[in-house]
Structure formats: C-alpha cells, structure tokens
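Trainee:
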Amino acid sequence: HCSGRVEVMHDHQWGTVCDDDWSLLDASVVCRQLGCGTAVSAYSAAHFGQGSGPIWLDNVQCSGTEAALSECLARPWGVNNCHHGEDASVVCAGNTKLVPWGGRSGLMVPLCLVSRAGTATNTPTLRLENGPGRCAGRVEVFHHSQWGTVCDNGWSLAEAVVVCRQLGCG
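Take the sequence shown: its letters are residues 234 to 403, numbered as in the numbering used here.
Written out as structure tokens, the structure reads:
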C-alpha cells in the first residue's frame, strides 16, 4: 500500500504536515495526488513516526475535490503551533507508484509518504523538466536528496524508452 507520514517539499526542503484538523478528506487528496487510489485512513499523532525539519502545513482543510494538497485551505507555509509528535499520516488503497513532478511546474507541490523506518515509500526518482508537457523534457534523477541531470554519453533510444515507461508516458 501507499502509506506513511505525509511530507511536502517547499522552498527546496522536505517538511511534515501537522495533524490539526487532519481528516479523511485531506488524506483523499494526498492519495489522489500520489496516484495511490482512495484514502483508507487519516492518522494523527505521528502514526508512522516523527519527522524532522520544518512543519510546513497546519490546519489543512481540503474539500476532497482538490487535485493537490497545495490547493487546500491551510495556514501560510511554515506557520504552525505543532511539534513532530503531531505529524499527519495516510493509508491509501492503492500500491506505491512513482509520480512524475516534471512538466507541472508550480501546480503541484512535491509530496511523499515516509514509512515508520524513515524511508520514502513513493518518492519519485525520475522526472522530465522544461518540456512542453509532462512526457517531454530534460531527464533528471533524484539522488542524495537533490535533483540532477543525466549526461548524454551513451544515451540512446533504449534509455529513452525506459524513462518513458517508468513515467507512464508510453
């Protein structure tokens, strides 16, 4: 299953979401954004362990129809009255799926779920940037907590086919 502590990328840094007002409606938006099906549970009190770093979102209030968590009502980024013992978590009905962020610049905040062991359960490792759509652009990989480009030495149609397949682009 897609499940874990909800973390969002803001200002080039991963951070958690506080469980104040956290509900199944909020979890449903997270699950949909990640391509993980419907929400099964919305957990509070750091059910999948406490995060570290900033707590980016607090008092999230989704209607359930939003395409991304960043579209939901919430306090301003980084404004909260929480501690990491209040980190929000979700369990979704679907299985873990890589979700490309490339081609959607500014529309969707990068989002991941982190297991109790502290490993990301669905962190994208590949994206296409600065292209005309989500299935075209510069290939980038996520490694050691940062995005980087791929050198074209030895690059061929065979590698491009793998990238397209991994991103669900045919």
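The beta carbon of each residue, even a glycine, is placed where N, CA and C say it ideally should be. Computed from a prediction, not measured in an experiment: that's the story for all the values here.
How far does the beta strand (DSSP E) with residue 325 in it extend, from its first residue to its last?
Mentor: Counting from 1 along the sequence shown, the entry for residue 325 is found at position 92. First-last of the beta strand (DSSP E) with residue 325: 322-325.
Trainee: Leaving out the 5 sequence neighbours to the left and right, which residues in its chain are closer than 7 Å to residue 305 when beta-carbon positions are compared?
Mentor: Along the sequence shown, one-based indexing puts residue 305 at 72. 259, 262, 293, 294, 295 and 299, listed in sequence order.
Trainee: Just checking my contact of residue 325 with residue 271 at CB under 8 Å: how many whole Å lie between their CB atoms?
Mentor: Position 92 of the sequence shown, counted from the first residue, corresponds to residue 325. Position 38 of the sequence shown, counted from the first residue, corresponds to residue 271. That pair is a contact at about 7 Å.
Trainee: Can you name the start and end residues of the alpha helix (DSSP H) that residue 389 belongs to?
Mentor: Position 156 of the sequence shown, counting from 1, holds the residue named residue 389. No alpha helix (DSSP H) holds residue 389; DSSP gives it neither H nor E.
Trainee: Which parts of the region 267-328 are runs of the beta strand (DSSP E), unbroken and 3 residues or longer, counting only runs that do not cross its ends?
Mentor: You should have 272-276, 288-290 and 322-325.
Trainee: Skipping 5 residues on each side, what residues in its chain have a beta carbon closer than 7 Å to that of residue 255?
Mentor: In the sequence shown, counting from the first residue as 1, residue 255 sits at position 22. Closer than 7 Å at Cβ, skipping near neighbours: 275, 277, 293 and 321.
Trainee: Beta carbon of residue 222, beta carbon of residue 317: below 8 Å?
Mentor: Since the displayed the chain opens at 234 and closes at 403, residue 222 lies outside it and no answer follows.
Trainee: For residue 388, count neighbouring Cβ atoms within 10 angstroms of its own Cβ and tell me buried if that reaches 16, exposed if not.
Mentor: For the purposes of this step, residue 388 is taken as residue 155 along the sequence shown, with counting starting at 1. Classification for residue 388: exposed.
Trainee: Identify the residues that DSSP records as bridge partners of residue 236: which are they?
Mentor: Reading the sequence shown from its first residue, position 3 is the one you call residue 236. Residue 236 is bridged to 324.
Trainee: Can you tell me whether DSSP reads residue 402 as helix, strand or coil?
Mentor: On the sequence shown, position 169 is the one that residue 402 refers to. Here residue 402 sits in coil by DSSP.
Trainee: To which residues does DSSP link residue 361 through a beta bridge?
Mentor: Numbered from its first residue, the sequence shown carries residue 361 at position 128. Answer is 372.
Trainee: Measure the C-alpha to C-alpha separation of residue 380 and residue 251 and round it to an integer number of angstroms.
Mentor: Counting from 1 along the sequence shown, the entry for residue 380 is found at position 147. Counting from 1 along the sequence shown, the entry for residue 251 is found at position 18. Each residue's Cα considered, the two are about 26 Å apart.
Trainee: Pull up the DSSP beta-bridge partners for residue 255, would you.
Mentor: As a working mapping, residue 255 is identified with position 22 in the sequence shown. Paired residues: none, contrary to the question.
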